[in-house]
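**Q** Please find one structure pasted underneath; my questions will follow.
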Amino acid sequence: MHHMTLAEIARGLADKKFSSEELTQVLLARIAQLDPQLNSFISLTQELALSQAKAADARRANGETGALLGAPIAHKDLFCTQGIRTSCGSKMLDNFKAPYDATVVAKLAAAGAVTLGKTNMDEFAMGSANESSYYGAVKNPWNLEHVPGGSSGGSAAAVAARLLPAATATDTGGSIRQPAAFTNLTGLKPTYGRVSRWGMIAYASSLDQGGPLARTAEDCAILLQGMAGFDPNDSTSIDEPVPDYSASLNGSLQGLRIGVPKEYFSAGLDPRIAELVHNSVKELEKLGAIIKEISLPNMQHAIPAYYVIAPAEASSNLSRFDGVRFGYRCENPENLIDLYKRSRGEGFGAEVQRRIMVGAYALSAGYYDAYYLKAQKIRRLVKNDFMAAFNEVDIILGPTTPNPAWKLGAKNSDPVAEYLEDVYTITANLAGLPGLSMPAGFVDGLPVGVQLLAPYFQEGRLLNVAHQYQLNTDWHTRTPTGF
Ligand code: GLN
Numbered sequence: 001m002h003h004m005t006l007a008e009i010a011r012g013l014a015d016k017k018f019s020s021e022e023l024t025q026v027l028l029a030r031i032a033q034l035d036p037q038l039n040s041f042i043s044l045t046q047e048l049a050l051s052q053a054k055a056a057d058a059r060r061a062n063g064e065t066g067a068l069l070g071a072p073i074a075h076k077d078l079f080c081t082q083g084i085r086t087s088c089g090s091k092m093l094d095n096f097k098a099p100y101d102a103t104v105v106a107k108l109a110a111a112g113a114v115t116l117g118k119t120n121m122d123e124f125a126m127g128s129a130n131e132s133s134y135y136g137a138v139k140n141p142w143n144l145e146h147v148p149g150g151s152s153g154g155s156a157a158a159v160a161a162r163l164l165p166a167a168t169a170t171d172t173g174g175s176i177r178q179p180a181a182f183t184n185l186t187g188l189k190p191t192y193g194r195v196s197r198w199g200m201i202a203y204a205s206s207l208d209q210g211g212p213l214a215r216t217a218e219d220c221a222i223l224l225q226g227m228a229g230f231d232p233n234d235s236t237s238i239d240e241p242v243p244d245y246s247a248s249l250n251g252s253l254q255g256l257r258i259g260v261p262k263e264y265f266s267a268g269l270d271p272r273i274a275e276l277v278h279n280s281v282k283e284l285e286k287l288g289a290i291i292k293e294i295s296l297p298n299m300q301h302a303i304p305a306y307y308v309i310a311p312a313e314a315s316s317n318l319s320r321f322d323g324v325r326f327g328y329r330c331e332n333p334e335n336l337i338d339l340y341k342r343s344r345g346e347g348f349g350a351e352v353q354r355r356i357m358v359g360a361y362a363l364s365a366g367y368y369d370a371y372y373l374k375a376q377k378i379r380r381l382v383k384n385d386f387m388a389a390f391n392e393v394d395i396i397l398g399p400t401t402p403n404p405a406w407k408l409g410a411k412n413s414d415p416v417a418e419y420l421e422d423v424y425t426i427t428a429n430l431a432g433l434p435g436l437s438m439p440a441g442f443v444d445g446l447p448v449g450v451q452l453l454a455p456y457f458q459e460g461r462l463l464n465v466a467h468q469y470q471l472n473t474d475w476h477t478r479t480p481t482g483f
């Protein structure tokens, strides 16, 4: 039962082959048995899951239908869940029970999805390896000595290990697409503003975006359908109608113009990944796509710009964690300043503290123009590059990551080495564009992803291309040994 995709589960539930309650029991048992190896969950919500599953079964018995009605999922632990710990992977929020549901959580619950638990993540979503979590590192089911990617590593490892069919995640600089690539999943970062950020604990508000992690493009379409839409509670939510994503899957790729940026194939890219990217291009050509070389000349500036803008926003967002209003408070503070200092010093881990300091520095009066303002100008140039490229092509294709998943601990002493791994993903966040990573082969037994980028609100086009690719390849069906 645990091998089923969301689409297969929906069919099985509709045909009364099994109930949501039965499926939920099977998956909860599987999580209890296998997750100790992976550490992909921070909290399990067995009771909630079983009551939601029973309610979904009752709704189906009453004639209701829906692709998510009775479908088991999990939420990255930065989506607020009412009455349930929402830790953001941090000691700071270890004792925080959200007083309300995030819009994404509420929408999926209303659609009948069953919440199995809250997944592990890098602390405050800062990281590319899921090693900065207060709850310990997550392991990659493809090789337990390797990282699953981050920051949505818990969602990725759990779905890849068939502990559940799909999970929510968020992507500020790659945290849906990069763990998807490292664990052989399909992950979609929607257009900025497509999915509500209300109740999603903020890291860098102008970059953060929620989206689905699943095994197939078909399942990403189903989960995105339940997540997307205008939300008056989120001032950056965009009031655009949500198309039927599942209906977009079957379009022909005949004549689709795919741009491959020449800058992607620089010295930093593992040549074995470059080869797999070229293979995926050939596969899409066979399906009728037309390949064009394009250029994104400002790509080289994106990492420094991102690692100024994201920490700057984080330093502001995380100022609310002061030991007074939420979460952790130090013991026996001597005075207010001592309370702030020790609560934050003890509650935040090293990477979060580093980002707060970098961000506060970049925003300080003497350095604002030199760093923050300059980074914002680069951000516009990166966006302009994409706008020019999308005048010539319909989709941009390249690697999701320069390397496959590295060994646990390999980059711990060098944060910049980890930042550099985000080179292919962060540009989409800077520009606000939608991006998808799909499985495209293996290097040394570790999965490799190919990234597709599209113009604003063209999530359906990304899902269409990935689905057609998946009808003609079987990378996405491979299962890690032992799971
Ligand atoms: N690795 C990037 C960072 O650490 C992106 C993380 C994310 O997308 N949440 O900021």
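Take the sequence shown: its position 81, counting from 1, is numbered 81 in the working numbering, and each next residue is one higher.
In this text, a Cβ means the ideal position worked out from N, Cα and C, and glycines have one as well.
1. Can you look up Q209 in the DSSP assignment and give me helix, strand or coil?
2. Measuring only from the beta carbon, is M126 closer than 7 Å to any heavy atom that is part of the ligand GLN?
3. Hey, could you find the ends of the alpha helix (DSSP H) S280 is sitting in?
4. By the three-class DSSP mapping on this structure, what secondary structure does G193 have?
5. Would you identify the three-state DSSP class for S43, choosing helix, strand or coil?
6. Can you list, in chain order, the residues of its chain with a C-beta nearer than 8 Å to that of P297? Leave out the 5 residues immediately preceding and following it.
7. Considering only DSSP beta bridges, list what P439 is partnered with.
8. Verify whether the separation of the beta carbon atoms of P402 and G268 is less than 8 Å.
9. Between V26 and H75, which are expected to be in contact by the criterion C-beta below 8 Å, what is the C-beta distance as a whole number of angstroms?
10. Looking at C-alpha atoms only, which residue of Q52, D171, A166, A137 is the closest neighbour of V114?
11. For T65, tell me which candidate among I356, T81, S20, D394 has the shortest Cα-Cα distance.
12. Considering only the beta carbon of each residue, do E392 and G259 sit closer than 8 Å?
13. Could you tell me whether the region 309 to 323 touches the region 335 to 351, using the rule of 3 or more Cβ pairs below 8 Å?
14. Please state whether DSSP places F124 in a helix, a strand or coil.
15. Comparing the CB of S437 with every heavy atom of the ligand GLN, is any distance shorter than 7 Å?
16. Express the C-alpha separation of G187 and A10 in angstroms, rounding to a whole number.
17. If we ignore side chains and look at the alpha-carbon of each, how far apart do A365 and L318 end up?
18. With hydrogens ignored, establish whether the beta-carbon of S151 is closer than 7 Å to any heavy atom of the ligand GLN.
19. Could you tell me the boundaries of the beta strand (DSSP E) in which L397 lies?
20. Do the CB positions of Y328 and D94 come within less than 8 Å of each other?
21. Buried or exposed, going by whether 16 or more other CB atoms sit within 10 Å of the CB of K139?
22. Keeping to the same chain, check which residues put their C-beta closer than 8 Å to that of Y100; ignore five residues upstream and five downstream.
23. So is the beta-carbon of S43 under 7 Å away from any non-hydrogen atom of the ligand GLN?
24. Is the closest heavy atom of the ligand GLN to the C-beta of A310 under 7 Å?
25. If contacts are defined as beta-carbon pairs under 8 Å, then F182 and A405 qualify, I think. What distance do you get, rounded to the angstrom?
26. Between the alpha carbons of E240 and D369, how many angstroms are there, rounded?
27. What does the alpha-carbon distance come out to for the pair K16 and L69?
28. Under a three-way DSSP split, which group does R257 fall into?
29. Would DSSP call E392 helix, strand or coil?
30. Do you know offhand how far L78's Cα is from L44's?
31. Could you check whether A466 and L436 sit closer than 8 Å to each other, using their CB atoms as the reference points?
32. Spatial neighbours of S155 within its chain, please: CB distance less than 6 Å, with the 5 preceding and 5 following residues excluded, ordered by chain position.
33. Could you please give me the residues that DSSP links to V105 through a beta bridge?
34. Anyone know if the C-beta pair for I222 and F230 falls short of 8 Å?
35. Is A485 helix, strand or coil when you go by DSSP?
**A** Here's the rundown:
1. coil
2. yes
3. 271 to 286
4. coil
5. strand
6. E263, D385
7. G449
8. yes
9. At roughly 20 Å, the Cβ-Cβ gap does not stay under 8 Å, so V26 and H75 are not in contact.
10. Q52
11. S20
12. yes
13. yes
14. helix
15. no
16. 20 Å
17. 19 Å
18. yes
19. 395 to 399
20. yes
21. buried
22. C80, Q82, G199
23. no
24. yes
25. 4 Å
26. 35 Å
27. 13 Å
28. strand
29. coil
30. 14 Å
31. yes
32. K76, T119, A167, A169, L213
33. Partner(s): none; V105 has no beta bridge.
34. no
35. Given that the chain is displayed from residue 1 to residue 483, the structure contains no residue 485 and the question cannot be resolved.
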